[in-house]
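Going left to right, the sequence shown walks through residues 3 to 396 as my numbering numbers them. Glycine included, every Cβ here is placed at the ideal spot set by N, Cα and C.
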Amino acid sequence: MFELLKEQPKDPILGLSTLYRADPRDTKIDLGVGVYKNAEGTTPIMRAVKKAEEMLWKAETTKTYTSLPGQADYHAVMHDLVLGDAVPSDRTAYCATPGGTGAVHHILELIAKTKPEAKVWFSNPTWGNHMTIAKHVGAQFGQYRYFDEETRAVNFAAMKEDLSAIAAGDVVVLHGCCHNPTGANLTQAQWKEVGEILTEKNAIPFIDIAYQGFGDGLDEDAFGTRHLASKFDNMFISASCSKNFGIYRERTGIIFVICKDADQKAIVQGNLNHLNRQNFSFPPDHGASLVTLVLSDATLRKDWEAELEEVRLGMRSIREKLAAALNAEAGSNRFGFLAEHRGMFSRLGASKDKVDRLREEHGIYMVGDSRLNIAGVTEATIDRLAKAVIEVGI
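1. Between G378 and G370, what straight-line distance do the alpha-carbon atoms span, to the nearest angstrom?
2. Measure the alpha-carbon distance for D25 versus M368 and round it to whole angstroms.
3. Taking the beta strand (DSSP E) that G255 falls in, what are its first and last residues?
4. Determine contact between the stretch 315-326 and the stretch 294-302, defined as no fewer than three beta-carbon pairs at a distance below 8 Å.
5. Going straight from the alpha carbon of G34 to that of D92, what length do you get?
6. Residues in the same chain with beta-carbon distance under 7 Å from L58, minus the five sequence neighbours each way, listed in chain order, please.
7. Could you give the DSSP three-state label for M161: helix, strand or coil?
8. If you measure from the beta carbon of F284 to each beta carbon in chain B, is any gap under 7 Å?
9. Compute the distance between the beta-carbons of V405 and A141, then report whether it is under 7 Å.
10. Enumerate in chain order the residues of its own chain whose CB-to-CB distance from A186 is below 7 Å, with the five nearest sequence positions on each side excluded.
11. Taking K39 as the reference, which of Y250, L70, G130, G86 has the closest Cα?
12. Please report how far the alpha carbon of L230 lies from the alpha carbon of G197, in whole angstroms.
13. How many angstroms separate the CA atom of V394 from the CA atom of T44?
14. At which residues does the beta strand (DSSP E) containing P100 begin and terminate?
15. Quick check on the burial criterion: 16 or more other C-beta atoms within 10 angstroms. Buried or exposed for K267?
16. Given this structure, state the Cα-to-Cα distance separating N275 from T68, to the nearest angstrom.
17. For E362, count neighbouring C-beta atoms within 10 Å of its own C-beta (all shown protein chains included) and say buried if the count is 16 or more, exposed if not.
18. Pull up the DSSP beta-bridge partners for P207, would you.
19. Considering only C-alpha positions, which residue in the set S283, S334, F158, L277 is nearest to V139?
20. Thinking C-beta only, is M346 closer than 7 Å to I384?
21. What does DSSP give as the partner residue(s) for W123 in the beta ladder?
22. How big is the Cα-Cα spacing for I211 and R318?
23. With a floor of 3 residues, list each beta strand (DSSP E) that falls wholly inside the stretch 309-380, ordered by position along the chain.
24. Measuring alpha carbon to alpha carbon, tell me which of W129, A88, I31, K60 ends up nearest D235.
25. When we look at the beta-carbon of L387 and count the other beta-carbons within 10 Å, is it buried (16 or more) or exposed?
26. Thinking L310 and G215 are a contact (beta carbons under 8 Å), I'd like their distance in whole angstroms, please.
27. State the Cα-Cα distance for the pair V357 and K117, rounded to the nearest angstrom.
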C-alpha cells in the first residue's frame, strides 16, 4: 500500500529543536522555535487566561459539539479585536479553525477550489508553512520581493514593482504585523500605497495576522488589516490567538472573509462551514471559549492587555539592548535594524555557514536563514550572543 510514498522533507525548525535538546552544553541558547519565552525561559500561562480557565471549569456544563463555524460570541469578540469598526459584521463570514495554520489552510483551499486560475502571492521571504500549504491544496503561487538583505529593511520599491505586475483577480498575502521571519514591517503610509496598488490591479488582499499586540500595540498592529478591510469588497483574513493569548496548544484560530453584501456572505459562510465539515467537522472550542471570556469580561481584558503590554515592551527592550551590544562589539551601528524591527523575529542576514558556526562553536541555535527569536534572548545572554555573532563574522 505504501510503496509509492516518498519521504517528506524534515521541518528545519523542528529538526533544530532536536539538535538543541541533544546538545549537552549548559551555555546553549535556543533562538529557533517561534514560541514566546519569558526571562526564565518558560512559556507561561497568562494571568487572565488562567482565571478564565477557572471560570470556564465552574460554568461549563457540557462537552458536546459546538456549531460548524464555531461559537458566534467568539466570532464577535475576535471581529472587535482584529477589525474594530472597519467593516460591519453583516458583511463578514467567520469560521473558527485549529490555530492560525488551520485558517491559512482553509483560505488557500477555498481559493484553489473556487478560483483555481488565481495566483497567490507571498512575500519573499515568508512564513515557512505558507507555500507548503499552498502546494498541498493545489493553489498556484509565487513571491514578490519584500526584504532587503543588505539594509535588513522592507524593499518597498521592489515590492511595489512586483505587485504592480500581478494579474487581476490574484490574491496577495500580507503579514498583518510583526513580519515572520524578518521583523521588518510596512509603515502606515506604505500600507495605504499597497492598498492603492491592489485596488488598481483588482487584486484580493489576504492578511495573515498572528502576532497582534506584539509589535506596537493592539490597535496599531491592526492598522493595515483594518485599512484594507475598509476599502475592499472582498478580502481574506487568518488570525491566530496562539501568541497574544499564549494558548499555543489549544489551537485557536479564526477566518474572516469580507464580502460585498449579505447575499454573498451567505454563500461564503456555507462554503466555510462545508470546509470545516470535510476537514475536521466541528472546530475545537476550549481555546475559543477562553478567548471569549477574556475579551468579554472587563476585568480579565484589562489584565490581559496589561500583561500583553509587558510582553511587548520586554521584547522591545531586549531588541534595543541586543542592538546596542552588537553595535558596540562591531564598532558600528550596522545592527540598528534590530531595534527598528517588531515582534518575535528578525533576520540577521547571515549565510548558512555562519549560522552553523554559531551552533557548532557557541551553542547558539537559530534557523538556517539567520532568523532569530528575540523572545529566546535574555538579559543574561545578550553579551555572549553579541560576542559570538561578531566572532563568526556576521
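Let me spell this out:
1. Along the sequence shown, one-based indexing puts residue 378 at 376. Along the sequence shown, one-based indexing puts residue 370 at 368. G378 and G370: Cα-Cα distance of roughly 16 Å.
2. To locate residue 25, count along the sequence shown from 1; it is residue 23. To locate residue 368, count along the sequence shown from 1; it is residue 366. Looking at the two C-alpha atoms, the distance is approximately 14 Å.
3. Sequence index remark: in the sequence shown, residue 255 carries index 253 (1-based). It spans 254-260 - the beta strand (DSSP E) in which G255 sits, taken as one unbroken run.
4. No: fewer than three Cβ pairs fall under 8 Å.
5. As a working note, residue 34 is residue 32 in the sequence shown. As a working note, residue 92 is residue 90 in the sequence shown. As the crow flies, the alpha-carbon of G34 is around 41 Å from that of D92.
6. Taking the first residue of the sequence shown as 1, we reach residue 58 at position 56. Excluding residues within five positions, the ones whose Cβ falls inside 7 Å are S291, L292, L295.
7. Here residue 161 corresponds to residue number 159 of the sequence shown, with the count starting at 1. In this structure, M161 counts as helix in the three-state DSSP scheme.
8. Protein chain content of the structure displayed is limited to a single chain, and chain B is not contained in it.
9. Shown here, the chain extends from 3 to 396; a query on residue 405 therefore has no answer.
10. As a working note, residue 186 is residue 184 in the sequence shown. Once the five neighbours on either side are set aside, the close Cβ partners of A186 are F149, R154, A155, V156, H343.
11. For the purposes of this step, residue 39 is taken as residue 37 along the sequence shown, with counting starting at 1. When each option's Cα is compared against that of K39, the closest is Y250.
12. The residue labelled residue 230 in the question sits at position 228 within the sequence shown. The residue labelled residue 197 in the question sits at position 195 within the sequence shown. Rounded to the nearest angstrom, the two C-alpha atoms are 6 Å apart.
13. Sequence index remark: in the sequence shown, residue 394 carries index 392 (1-based). Sequence index remark: in the sequence shown, residue 44 carries index 42 (1-based). Roughly 28 Å separates the two Cα atoms.
14. Here residue 100 corresponds to residue number 98 of the sequence shown, with the count starting at 1. Bounds of the beta strand (DSSP E) holding P100 are 94-100.
15. For the purposes of this step, residue 267 is taken as residue 265 along the sequence shown, with counting starting at 1. By the neighbour-count rule (16 or more Cβ atoms within 10 Å), K267 is buried.
16. On the sequence shown, residue 275 is found 273 positions in, with the first residue counted as 1. On the sequence shown, residue 68 is found 66 positions in, with the first residue counted as 1. Approximately 12 Å, taken between the alpha carbons.
17. By one-based count along the sequence shown, residue 362 stands at place 360. Exposed, because fewer than 16 other Cβ atoms sit within 10 Å of the Cβ of E362.
18. As a first step, residue 207 must be located in the sequence shown, where it is residue number 205. In the DSSP assignment, P207 is bridged to V174.
19. The count along the sequence shown starts at 1 and reaches residue 139 at position 137. It is L277 whose Cα lies nearest to the Cα of V139.
20. As a working mapping, residue 384 is identified with position 382 in the sequence shown. As a working mapping, residue 346 is identified with position 344 in the sequence shown. Cβ distance not < 7 Å, so I384 and M346 don't count as in contact.
21. The count along the sequence shown starts at 1 and reaches residue 123 at position 121. In the DSSP assignment, W123 is bridged to G144, V174.
22. The residue given as residue 211 occupies position 209 in the sequence shown. The residue given as residue 318 occupies position 316 in the sequence shown. The alpha-carbon atoms of I211 and R318 are separated by roughly 19 Å.
23. List check, beta strand (DSSP E) in window: 347-349, 373-375.
24. Taking the first residue of the sequence shown as position 1, residue 235 is located at position 233. Closest by C-alpha distance to D235, out of W129, A88, I31, K60, is A88.
25. Along the sequence shown, one-based indexing puts residue 387 at 385. Burial call: buried.
26. Counting from 1 along the sequence shown, the entry for residue 310 is found at position 308. Counting from 1 along the sequence shown, the entry for residue 215 is found at position 213. Right, their Cβ atoms sit about 5 Å apart.
27. Here residue 357 corresponds to residue number 355 of the sequence shown, with the count starting at 1. Here residue 117 corresponds to residue number 115 of the sequence shown, with the count starting at 1. One alpha carbon belongs to V357, the other to K117, and they sit about 41 Å apart.
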